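Adding 1 to a residue's 1-based position in the sequence shown gives its number in my numbering. We put the beta carbon where it would ideally sit given N, CA and C, even for glycine. These numbers come from a predicted model, not from an experiment.
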Amino acid sequence: MDQSKERICNRGPRHGHITVAYTSAIIWHRPQANGATAATAQARKFTTVQRLAMKAILGCYRTTPTVAMEIESGLLPAWIRLQTKVLSAATRMQSLSSNHPIQIWLTQGIRNAKMSTRPAPHCSNLENLAREFPNLMTCKIEEVKPFIKPPWTEHPTQQTAKEETQNKITKKKQREQIKRLAQTTWDKTWNEKNLTTATHLRRILGKESTKTGPELYKEVKGRATSTLLVQMRTGHCGLNYYLYRFKKVESAECEVCGYEKETVEHFLVECPGFWEERRELRRKVGVGRMKIAILLGDSKAIGATMEYISKTKRFKKHVE
């Protein structure tokens, strides 16, 4: 291995160190039901790491908004992922044997959360969970008992154990509920917060019958096609309107027809310089389907859209 490859391989923290850091964050992280932990320094650092991973996965520009990359990659925001991990860890604790020492601290945390009207300045992590997520922390979870003998062996107390677990939910169902909570929180954050970011992608996703994330990209063939599609959907691509915003070109005008703003909409459905190529695109997609949401969001139309981009040769690295 030459020196350049060795420098690349040794760059950044080791995998083991990252694993320890992530596990430590799960142990000490204190999620809040209102999403306030998204602005904490701890969550921002994990967001930075996840952002680098999403940029490598998608191949998008570094100026692409984080919320847009999360939607396109299908990855939960870092603070929601941490919240899910913490609640899953608490679920495992709740399912332990009633004789396990952790049950004392779980009971104490839930009791303190119910008794005090205002949060203590230095409450335990378990008490914080009981305050923020009372429905998840106070429900009865089926106890997972260790067996000295195989579980199918007849035991005199087996019938009693079945009766005790009738009114309890399983650990699997609790985890499913935690996942639903994470998805609901993510949807609420996307629909109600930071509405001024990722506006181009929001216009596409606001239409019916459009797909996003892995559901869309698993039907796209080729890394180059997926990368170009992400750039066109987010609006952060090699067109002059975007490049002019970051002072990469002298003008935002279309190089073909001279229109003042060479946007994605102008390039795909308006520019008269690509009339012949667009006529073929309209024939394949349909006259009433020449809309950005369909051209870049319908898996059946994306192939024709990529052919159109290739024929125009507008991008230096166009899709073949």
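For this session: Starting from the C-beta of E308, find all residues in its chain whose C-beta is less than 7 Å away, skip the five residues before and the five after it, and write them out in chain order.
Result: For the purposes of this step, residue 308 is identified with residue 307 of the sequence shown, where counting begins at 1. Cβ neighbours of E308 beyond the five flanking positions: none.
Exercise. For A39, which residues from the same chain have a beta carbon less than 6 Å from its beta carbon, with the 5 sequence-adjacent residues on both sides left out?
Worked result: The residue labelled residue 39 in the question sits at position 38 within the sequence shown. So the list reads W80, once near-sequence residues are dropped.
Exercise. What residue does the alpha helix (DSSP H) around A37 start on, and which one ends it?
Worked result: Within the sequence shown, residue 37 is the residue found at index 36, counting from 1. Here A37 belongs to no alpha helix (DSSP H), and DSSP marks it neither H nor E.
Exercise. Beta carbon of E251: closer than 8 Å to some heavy atom of the ligand ATP?
Worked result: The ligand ATP is not among the ligands present in this structure, which contains no ligands whatsoever.
Exercise. What residue from Q33, E128 and I103 has the CA that sits closest to L83's CA?
Worked result: Locating residue 83 in the sequence shown gives position 82, where the first residue counts as 1. Of the candidates Q33, E128 and I103, the one whose C-alpha sits nearest the C-alpha of L83 is Q33.
Problem set entry | Residues near L202 by beta carbon distance below 8 Å, same chain, minus five either side | In the sequence shown, counting from the first residue as 1, residue 202 sits at position 201. The answer, listed in chain order, is A69, I72, E73, R234, T235 and G236.
Exercise. In the DSSP assignment, what residue or residues form a beta bridge with I170?
Worked result: Counting from 1 along the sequence shown, the entry for residue 170 is found at position 169. Answer is I142.
Problem set entry | beta strand (DSSP E) segments (min. 3 residues) lying fully within the segment 57 to 129 | none
Problem set entry | E220 in three-state terms, based on DSSP | Locating residue 220 in the sequence shown gives position 219, counting from the first residue. DSSP places E220 in coil when its eight states are reduced to three.
Problem set entry | Three-way DSSP call (helix, strand, coil) for V257 in this model | Here the question's residue 257 lines up with position 256 in the sequence shown. Coil at V257, not helix or strand.
Problem set entry | Straight-line gap, W29 to N126 (C-alpha atoms, nearest Å) | Start at 1 with the first residue of the sequence shown, and residue 29 comes out as number 28. Start at 1 with the first residue of the sequence shown, and residue 126 comes out as number 125. Their Cα atoms are separated by approximately 7 Å.
Problem set entry | Closest residue to E143 among K301, M94 and T211 (Cα-Cα distance) | Here residue 143 refers to the residue found at position 142 when the sequence shown is read from its first residue. Closest option to E143, Cα to Cα, is M94.
For this session: Taking only the alpha-carbon atoms, compute the straight-line gap between R283 and K219 and give it to the nearest angstrom.
Result: The residue you call residue 283 lines up with position 282 of the sequence shown. The residue you call residue 219 lines up with position 218 of the sequence shown. Looking at the two C-alpha atoms, the distance is approximately 24 Å.
Problem set entry | Top-ranked residue by Cα proximity to R279, from V265, F47 and T306 | Here residue 279 refers to the residue found at position 278 of the sequence shown. Comparing Cα-Cα distances from R279 to each of V265, F47 and T306, the minimum goes to T306.
For this session: Please list the segments of the beta strand (DSSP E) lying wholly inside the segment 266 to 317, counting only runs of 3 or more residues, in order along the chain.
Result: none
Exercise. Would you call E251 buried or exposed, if buried means 16 or more other Cβ atoms sit within 10 Å of its Cβ?
Worked result: Looking up residue 251 in the sequence shown gives position 250. It counts as exposed.
Problem set entry | Segment limits, alpha helix (DSSP H) that includes N241 | Looking up residue 241 in the sequence shown gives position 240. That run of the alpha helix (DSSP H) goes N241 to R246.
Exercise. Just to confirm, are I170 and L88 a CB contact at a threshold of 9 Å?
Worked result: For this step, residue 170 is matched to residue 169 along the sequence shown. For this step, residue 88 is matched to residue 87 along the sequence shown. Contact: no.
Exercise. How about G298 and K222: are their beta carbons less than 9 Å apart?
Worked result: Locating residue 298 in the sequence shown gives position 297, where the first residue counts as 1. Locating residue 222 in the sequence shown gives position 221, where the first residue counts as 1. No, Cβ-Cβ distance for G298 and K222 is not below 9 Å.
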